[in-house]
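Just so we're aligned: the sequence shown equals residues -18 to -1, 1 to 124 in mature numbering (1 follows the signal peptide of the UniProt record, and there is no 0).
C-beta: ideal position from N, C-alpha, C; glycine also.
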Amino acid sequence: MKNLILFALLLSTTLSFGQCDKDVLLTSSKTEYLDGSGTVQRTENEQSTIELSKSQVIITPGNSNHKMTGKVESATCNWPTAYQEGKMVIKAVFDDPSGESRHATLTTEGKAGMITFLMEIAEMPDKKIRVSVNSFKETKKE
């Protein structure tokens, strides 16, 4: 009986963290720009993509000329139901066009099958970016 319980616990842990080591592409058709308190300042209807991997994050907003690439410094992840229920928090560093580093916290959260992505930049505490994810798919690792 103890072995069965241990096996079930290990299996659920593997399923919970199994999505965390996979490369994923998130897509969205709407971006919300928030102030520091989370109040929506403006909304843009634009096709955006967010590529997540163990080592980097690539965000391509509606204007594909402004691609942002960040290096992942740390990640915590718990997806009891892959990209439907759970949460992943990534700490990453992005270099802006002027060459300065921006330290970001990227939170991907699923509740009742709805996925949201929130980007908060430490150097810009009065601005946040939130997208409602339309779709996600696993991508192949290189």
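{"query": "Quick one: what does DSSP say N60 is sitting in, helix, strand or coil?", "result": "strand"}
{"query": "By the DSSP assignment, the beta strand (DSSP E) with T21 in it spans what residues?", "result": "Note, T21: premise wrong, no beta strand (DSSP E); not H, not E."}
{"query": "Measuring only the C-alpha atoms, how far is Q29 from G92?", "result": "20 Å"}
{"query": "Do A86 and M106 count as a contact pair if the criterion is CB distance below 7 Å?", "result": "no"}
{"query": "If you pair each beta-carbon of the stretch 68 to 75 with each one of the stretch 8 to 26, do three or more pairs fall below 8 Å?", "result": "no"}
{"query": "How many angstroms separate the CA atom of N116 from the CA atom of E55?", "result": "26 Å"}
{"query": "State the beta-bridge partners of H85 as determined by DSSP.", "result": "V75"}
{"query": "Considering M96, what are the terminal residues of the beta strand (DSSP E) in which it resides?", "result": "96 to 103"}
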